[in-house]
């Protein structure tokens, strides 16, 4: 089965966002086990860069306070 994986699935796994982390992790696990073919759109790469960079920048700033 081929599935298009939404940016939010990857973000949930990368940043361990609750309450979606467990379900998102299962999707990624199915791809890793080759039970499904996972695809992402080209725009997902720039979205991920922005979201994850923003999250880590925000985390670093709050640690400095």
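In this note's numbering, the protein residues as written are 156 to 220. Glycine included, C-beta positions come from ideal geometry on N, C-alpha and C.
Extent of the continuous alpha helix (DSSP H) to which residue i belongs
i, result
"residue 192", "No alpha helix (DSSP H) contains residue 192, which is instead part of the beta strand (DSSP E) from 192 to 194."
"residue 189", "Looking at the DSSP string, residue 189 is not in any alpha helix (DSSP H), and its letter there is neither H nor E."
"residue 167", "162 to 170"
Cβ-based burial, residue i [other Cβ within 10 Å; buried from 16]
i, result
"residue 179", "buried"
"residue 167", "buried"
Any non-hydrogen atom of the ligand NAP closer than 7 Å to residue i Cβ
i, result
"residue 214", "In the structure on display, the ligand NAP does not appear, and there are no ligands present to speak of."
Residues bridged to residue i [DSSP beta-bridge criterion]
i, result
"residue 157", "192"
For residue i, the nearest candidate out of the options (CA to CA)
i, options, result
"residue 159", "195, 215, 205", "195"
"residue 156", "182, 199, 201, 197", "182"
"residue 163", "215, 214, 205", "205"
Does the stretch 161 to 177 come close enough to the stretch 198 to 210 to have 3 or more Cβ pairs within less than 8 Å?
-> They touch, by the three-pair rule.
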